[in-house]
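FYI, in this note's numbering the residues of the sequence shown are 117 to 439.
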Amino acid sequence: MNWKKGLLRTGLPLEYVTSGILNNKGHEIFGDYPYIRPNENKELKEFSVDIRTHKCLASNERLFTLSMLIECKYRQPGTSWIFSPYPSSIVPIGLVQSSEDLVPVRLNGSSVYEFEESIGYCISGVELDSNGNGKTDGAKHGAFQLRFAMPVLLKSSFEHVLKYDWYEGRTIELLCPILVTTSEIRVIKPNLALSDFDIAKELDDVTELREAVILNEGTGPQLKEFADSLADEFVKNHPELQNRLSELDTVLVGEEWEKRYSPDIDTIKRIFSSSAERVLIVNYEYLDIIIERLESAIMKDIENEEVYGKIIKFKDGLQIIKN
Numbered sequence: 117m118n119w120k121k122g123l124l125r126t127g128l129p130l131e132y133v134t135s136g137i138l139n140n141k142g143h144e145i146f147g148d149y150p151y152i153r154p155n156e157n158k159e160l161k162e163f164s165v166d167i168r169t170h171k172c173l174a175s176n177e178r179l180f181t182l183s184m185l186i187e188c189k190y191r192q193p194g195t196s197w198i199f200s201p202y203p204s205s206i207v208p209i210g211l212v213q214s215s216e217d218l219v220p221v222r223l224n225g226s227s228v229y230e231f232e233e234s235i236g237y238c239i240s241g242v243e244l245d246s247n248g249n250g251k252t253d254g255a256k257h258g259a260f261q262l263r264f265a266m267p268v269l270l271k272s273s274f275e276h277v278l279k280y281d282w283y284e285g286r287t288i289e290l291l292c293p294i295l296v297t298t299s300e301i302r303v304i305k306p307n308l309a310l311s312d313f314d315i316a317k318e319l320d321d322v323t324e325l326r327e328a329v330i331l332n333e334g335t336g337p338q339l340k341e342f343a344d345s346l347a348d349e350f351v352k353n354h355p356e357l358q359n360r361l362s363e364l365d366t367v368l369v370g371e372e373w374e375k376r377y378s379p380d381i382d383t384i385k386r387i388f389s390s391s392a393e394r395v396l397i398v399n400y401e402y403l404d405i406i407i408e409r410l411e412s413a414i415m416k417d418i419e420n421e422e423v424y425g426k427i428i429k430f431k432d433g434l435q436i437i438k439n
């Protein structure tokens, strides 16, 4: 049965099953998502994420879509990925990125953030196999691929929004990175001392089994440099961006904007880096449930849509006008 172990280790069966689950949820499957970035020697090389998906969530006089990047990591039965819970009650949030900052529309609900909180944020994952051998890389390789790919996908999404006037600007693309694994996902229990690990008889004594977690880590120097370079390239190649932001500033008005600010160039550039900070990690057995919960949360926020203006196509380009 060597063929079985070898085939499973390639990850192809997991990719196949994952694609089937997402297809049954109404997602179009586009295969892998290639992108170019510097390697550890700062040479430009092509990398890829296993699966890219796309789904239309709302299309009645508007277009809201969900695009996901999916990386699949197969592990032998008995393997656990163990994470530390986020060490502070103040957590930077924002798993789902979007093109919202470039259109005169806002999704003002909080359901996606509530979904994130229900999943829970973690840092510093390690891997423990069935023989008790520990590895410090754990989920890092798969998350690493997704974190580099997200700013690339974000740049593509922003460019589409600047180029087209679909549904007079009532169009938002939401983006989410997901790492799917066969490993058990565990989180260290709160308020433990080192002695608690010494006296523990079972892994259950010091960890809790989870369906999913959100890996929430800041960008390192290499990733931040890459994300910042994409942001700079986007701004440089799209001089119309400043005009778009200025027009948004004139329509994003009202009581709710007295304590909020319309986006500026620096805001847009920061989004590139923040898009690489969080990855949803899911055990494949719960992928269907987690996707259903995520989409339900997004749809609740879509129901709270606020339209402040329209994008109209004129002879000399696109322009935002107030409703």
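The beta carbon of each residue, even a glycine, is placed where N, CA and C say it ideally should be.
Problem set entry | Extent of the continuous alpha helix (DSSP H) run through glycine 241 | It is not in any alpha helix (DSSP H) - glycine 241 instead sits in the beta strand (DSSP E) that spans 237-244.
For this session: Could you tell me whether any Cβ in chain C is nearer than 7 Å to the Cβ of glycine 258?
Result: Among the chains in the structure shown there is no chain C, since it carries only a single protein chain.
For this session: Note down the Cα distance separating serine 391 from glycine 425, rounded to an integer number of angstroms.
Result: 26 Å
For this session: Output the distance between the C-alpha atoms of serine 135 and aspartate 312, rounded to the nearest integer angstrom.
Result: 41 Å
For this session: Give every residue of the same chain whose Cβ lies closer than 8 Å to the Cβ of alanine 343, excluding the five residues on either side of it in the sequence, and list them in chain order.
Result: Pro267, Thr335, Phe388, Ser389, Ser391 and Ala392
For this session: For cysteine 292, collect the residues of the same chain with a Cβ closer than 8 Å to its Cβ; drop the 5 residues on either side in sequence, then sort them by chain order.
Result: Leu182, Ser183, Met184, Leu185, Leu211, Val212, Gln213, Leu396 and Leu410
Problem set entry | Limits of the alpha helix (DSSP H) - the one that lysine 340 falls within | 337-353
Problem set entry | Proximity to glutamate 349 [Cα-Cα], best of Leu138, Leu270 and Val369 | Leu270
For this session: Note down the Cα distance separating threonine 287 from lysine 171, rounded to an integer number of angstroms.
Result: 13 Å
Problem set entry | Burial state of glutamine 261 (16 or more Cβ within 10 Å) | buried
For this session: List the endpoints of the continuous beta strand (DSSP E) containing histidine 110.
Result: Given that the chain is displayed from residue 117 to residue 439, the structure contains no residue 110 and the question cannot be resolved.
For this session: With distances taken Cα to Cα, identify the nearest neighbour of glutamate 356 among Asp380, Val369, Lys340 and Pro193.
Result: Asp380
Exercise. Anyone know if the C-beta pair for isoleucine 330 and tyrosine 237 falls short of 7 Å?
Worked result: yes
Exercise. Is DSSP giving valine 303 helix, strand or coil here?
Worked result: strand
Problem set entry | Alpha-carbon spacing of aspartate 314 relative to proline 203, whole angstroms | 21 Å
Exercise. Rounded to a whole number of angstroms, what is the C-alpha to C-alpha distance between arginine 263 and arginine 125?
Worked result: 23 Å
Exercise. Tell me which same chain residues have a C-beta within less than 6 Å of the C-beta of tyrosine 283, skipping the five on either side of it?
Worked result: Arg178 and Leu179
Exercise. Roughly how many angstroms lie between the CA atoms of leucine 310 and threonine 323, to the nearest whole one?
Worked result: 13 Å
For this session: Report the residue ranges of all beta strand (DSSP E) runs contained in full by the stretch 128-190; include only those spanning at least 3 residues, in chain order.
Result: 149-154, 160-165, 167-174 and 179-189
For this session: Put alanine 309 into one of helix, strand or coil per three-state DSSP.
Result: coil
Problem set entry | Close-in-space but distant-in-sequence residues of the same chain around leucine 346 (CB under 6 Å, 5 per side omitted) | Pro267, Lys271 and Phe388
Problem set entry | Rounded C-alpha distance that separates lysine 120 from lysine 189 | 16 Å
Exercise. Helix, strand or coil for lysine 317 per DSSP?
Worked result: coil
Exercise. Nearest CA to the CA of valine 87: which residue from Ser227, Lys305, Ile437 and Thr383?
Worked result: This structure gives no information on residue 87, because the portion of the chain shown stretches from 117 to 439.
For this session: Note down, in chain order, each residue of its chain lying with its Cβ closer than 8 Å to the Cβ of lysine 256, except the 5 sequence neighbours on either side.
Result: Gly241
Exercise. Considering only the beta carbon of each residue, do valine 296 and tyrosine 400 sit closer than 7 Å?
Worked result: yes
For this session: For arginine 328, write down the residues that DSSP places opposite it in a beta bridge.
Result: The residue asked about is misnamed: residue 328 is alanine in this sequence, not arginine. DSSP lists Val398 as partners of alanine 328.
For this session: Identify, in the order they occur along the chain, each residue of the same chain with its Cβ nearer than 6 Å to the Cβ of glutamine 435, setting aside the five sequence neighbours on each side.
Result: Ile428
For this session: Determine the closest residue to leucine 457 out of Glu419, Ser200 and Gly147, with distance taken between C-alpha atoms.
Result: Because the chain in this structure spans residues 117 to 439, residue 457 falls outside the shown range and cannot be described.
Exercise. Going by beta carbon distance, what residues of the same chain come within less than 7 Å of leucine 218, once the five residues before and after it are set aside?
Worked result: Phe274, Val277, Leu278 and Arg360
Problem set entry | According to DSSP, residues forming a beta bridge with phenylalanine 199 | Val303
Problem set entry | Nearest to proline 220 (by Cα), restricted to the options Arg394, Phe430, Glu422 and Lys431 | Glu422
For this session: Look at the alpha carbon of glutamine 338 and the alpha carbon of isoleucine 145, and state the distance between them as a whole number of angstroms.
Result: 30 Å
Exercise. Alpha carbon to alpha carbon, how far is tyrosine 151 from glutamate 318?
Worked result: 42 Å
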